[in-house]
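Protein chains: 2
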Amino acid sequence: MPLTVVGSIALDSVTTPAGKAENALGGSATYFSMASSLFTKVHIVGVVGRDFPQEHVDMLVKRGIDTNDLQVAKGETFRWTGSYDGDMSVAETHDTQLNVFAEFNPQISEASKANDFQFLANIHPTVQRGVLQQVRHAKLTFMDTMNLWINTEPEEVKALLGEVMGIVLNDMEAKMLTGENNLVVAGKKILEMGPKMAVIKKGEHGATVVMDGQVVNLPAYPLHNLVDPTGAGDSFAGGMMGYLASHGEVNFESLRRGVAHGIVVATFTCEAFSLDRLKVTTLEQVEERLAEYRNMLDF
Amino acid sequence: MPLTVVGSIALDSVTTPAGKAENALGGSATYFSMASSLFTKVHIVGVVGRDFPQEHVDMLVKRGIDTNDLQVAKGETFRWTGSYDGDMSVAETHDTQLNVFAEFNPQISEASKANDFQFLANIHPTVQRGVLQQVRHAKLTFMDTMNLWINTEPEEVKALLGEVMGIVLNDMEAKMLTGENNLVVAGKKILEMGPKMAVIKKGEHGATVVMDGQVVNLPAYPLHNLVDPTGAGDSFAGGMMGYLASHGEVNFESLRRGVAHGIVVATFTCEAFSLDRLKVTTLEQVEERLAEYRNMLDF
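Going line by line, the protein sequences match chains A and B.
Every letter in the first sequence is one number past the one before it in this note's numbering, and letter 192, counting from 1, is 192.
Every letter in the second sequence is one number past the one before it in this note's numbering, and letter 146, counting from 1, is 445.
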């Protein structure tokens, strides 16, 4: 089944211990759509400026992504500048220029609304809620968020949690949202806030999945060559939702399998700057690495 | 096959968000021997003072542990006072009184030397080396260490690494020892220092196993009720070595399975203060939880 993602499209300048990239393609909806399009038809909803290189749109289209809801607005594309040090678990932001993204008010076409799988990538929770009101009928609605909104808009985030079916967030955000240090307990508390599913991303430590009273820890795939973690979380969510949409059924078993797919897809993103590795990744390569991941856990 | 552990036996006073324990049984050799004795015959080598309660010795004996190499020295037993906050990943030490442990010079009986499986729990690396010289013939020699020795005795730790077959250490220690932030790379660098096997403990994030060019991440078993993590690492090592000794063969497959056993055994230790939960844990309970752990990873 096809899915829709609403989120940011950016031009990133990133420095890591492995090197740097300037004005390279980034953004949550970009990583998510490239990851999920490995598994299913994807509609991307977002906004770019008139400076946005056509080659990036061509890349999305080449992957079969529907770009009819990609608005081109007067002004410049969202730009982010950041760096990673040490174990690269946290980015340091040096500069953020929202540009056309500041006024982003997603207008979702009938075709994109009609999809049964809807992902609200990290945007202001009020904007996410506006999107959610347009896609209430969906079979699965999943949201992401970030520390900024948990800090500045906690009531909006909590209201949204009462309306979505699932949330994906990182370990720090899960602790911040619940005030709990134990992620198992935090995951259960998040479900008490509304959603049926919580997926906690833990970077190099994998992910924790909470649904139907079950809690599962899945480890990371061992990555020898971490070049740039930017977009790993969005690629993870894209791999997870893409698998779920291609599978059709949403239950504990398929969610866990989706998370395993997300973990594996994210490793490709981390092996190069921007989408340089993910854009040439094939479903066959994902399945090969997934088989290695399963073997790793077969003891 | 039987195994021998050489390490500390202590009386701990511990405070965690869940409560406190005073002058409770602790020490690396204690946790290790109680964990490993679930799987095989264990000889404990250590020293206590004349104040050491007989009930603790009785508990070891009741578990079938050979205490013939448990010296009783003139003076007081090693005492540690510490606390945990937040996610309880790191202990804060408030007081350490080495007492009789300061002069610990392990004299290993012929019976304990004869065992094919030998574990050098965390002690000064020079003392560990003295032990290793007595057990060179062993089929498997494994060491633990700590940040203190990596900082103050790096040359001794590295010399020892050239002589043992395996090392178990935590993530911070692996990074400190190798200067690497990526644990996959750190694990491989440790093998370049000598041992054939490196097992990196990651607390609530499970463990990483490196052997024969393979790297495996195993997640933690999801623990809802973390009361006191003291001794978790030693229980993990005990579960791992106990399984290996009971299995007999040491190879990548059995090491990985041993690590899975260690992960599961350590969860029992964390569910209560001191050895209160571990001492009443049965092999049947371990196997039941291991089956749940396997199910968790079967997606």
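Cβ coordinates follow ideal geometry from the N, Cα and C atoms, glycine included.
Grab me the residues of residue i's own chain with a C-beta within less than 6 Å of its C-beta, minus the 5 sequence neighbours each way, in chain order.
i: L11/A; result: N23, T77 and R79
i: R588/B; result: V563
i: P313/A; result: With chain A running from 1 to 299 in the structure shown, residue 313/A is simply not present.
i: M471/B; result: none
i: N414/B; result: P301, L302 and T303
Please identify the residue among the options whose C-alpha is closest to the C-alpha of residue i.
i: A485/B; options: D228/A, D87/A and H247/A; result: D87/A
i: T145/A; options: K139/A, A121/A, H137/A and E155/A; result: A121/A
i: D575/B; options: Y330/B, K500/B and G505/B; result: Y330/B
i: L98/A; options: G27/A, Q54/A and S112/A; result: G27/A
i: Q134/A; options: N147/A, I167/A, K74/A and S112/A; result: S112/A
i: D212/A; options: G49/A, Y84/A, G194/A and D69/A; result: G194/A
i: K361/B; options: K373/B, H560/B and V341/B; result: V341/B
i: V227/A; options: K74/A, P154/A, S83/A and G64/A; result: S83/A
i: T247/B; options: D394/B, L459/B, L490/B and V389/B; result: As displayed, chain B neither begins before 300 nor continues past 598, which places residue 247/B out of reach and without an answer.
i: P405/B; options: A328/B, G374/B, D384/B and L460/B; result: A328/B
i: T67/A; options: K74/A, D58/A, A73/A and F299/A; result: D58/A
i: E92/A; options: D69/A, P229/A and A174/A; result: P229/A
i: F52/A; options: V168/A, N251/A, L297/A and V72/A; result: V72/A
i: N295/A; options: G233/A, P222/A and R136/A; result: P222/A
i: I364/B; options: D384/B, Q353/B and M333/B; result: M333/B
i: V558/B; options: E284/A, D298/A, G130/A and F104/A; result: D298/A
i: A159/A; options: K139/A, V168/A and L132/A; result: L132/A
i: G461/B; options: E548/B, D533/B, G478/B and R428/B; result: R428/B
The alpha helix (DSSP H) spanning residue i covers which residue range?
i: Y293/A; result: L283 to M296
i: D58/A; result: Q54 to K62
i: L191/A; result: L183 to E192
May I ask you to report which of helix, strand or coil DSSP gives residue i?
i: N450/B; result: helix
i: M387/B; result: coil
i: T40/A; result: coil
i: M475/B; result: helix
i: F119/A; result: strand
i: F377/B; result: strand
i: V549/B; result: coil
i: S83/A; result: strand
i: A413/B; result: coil
i: V304/B; result: strand
i: G258/A; result: helix
i: V526/B; result: coil
Over what stretch of residues does the beta strand (DSSP E) that includes residue i continue unbroken?
i: G19/A; result: G19 to G26
i: Y542/B; result: Not the beta strand (DSSP E): Y542/B falls in the alpha helix (DSSP H), residues A531 to H546.
i: E92/A; result: A91 to Q97
i: T16/A; result: A10 to T16
i: A497/B; result: M496 to K500
i: I466/B; result: G465 to N469
i: V426/B; result: Not the beta strand (DSSP E): V426/B falls in the alpha helix (DSSP H), residues P424 to Q433.
i: T141/A; result: L140 to D144
i: L70/A; result: D66 to A73
i: V271/B; result: A query on residue 271/B cannot be resolved here, the shown segment of chain B reaching from 300 to 598 and no further.
i: A207/A; result: A207 to M211
Taking 7 Å as the limit between beta carbons, can you name the residues of its chain near residue i, skipping five residues before and five after?
i: T339/B; result: M300, P301, L302, G541, A544 and S545
i: A291/A; result: none
i: F101/A; result: S8, V47 and F78
i: K319/B; result: V313
i: A519/B; result: E503, H504, G505 and I562
i: F268/A; result: R277, L278 and T281
i: N524/B; result: E570
i: K474/B; result: N480 and A485
Using a Cβ-Cβ cutoff of less than 8 Å, which residues in the same chain neighbour residue i once the five nearest sequence positions on both sides are dropped?
i: V514/B; result: V483, G486, K487, T507 and V508
i: R257/A; result: Y243 and H247
i: S553/B; result: Y542, L543 and H546
i: V456/B; result: P424, T444, W448, I449 and L476
i: H261/A; result: F39, G239, M240, G242, Y243, V286 and L290
Chain A contacts made by the region 496 to 510 of chain B, where a contact means CB separation under 8 Å: K501, E503, H504, G505 and T507
Residues of the region 279 to 296 of chain A whose Cβ lies closer than 7 Å to any Cβ of chain B, in chain order: M296
Interfacial residues, the region 94 to 123 of chain A to chain B, with Cβ spacing under 7 Å: none
Members of the region 461 to 481 of chain B near chain A, C-beta cut-off 9 Å: K474, N480 and N481
Residues of the region 505 to 539 of chain B with Cβ closer than 8 Å to any Cβ of chain A, in chain order: G505, T507, V514, V515, N516, L517, P518, A519, Y520, P521, L522, H523 and L525
Near-chain A residues of the region 540 to 567 of chain B (beta-carbon distance less than 7 Å), N- to C-terminal order: R555, R556 and A559
Contact residues within the region 379 to 390 of chain B, judged by C-beta distance below 7 Å to chain A: G385 and D386
Residues, ordered as in the chain, of the region 3 to 27 of chain A that lie near chain B by beta-carbon distance below 9 Å: P17
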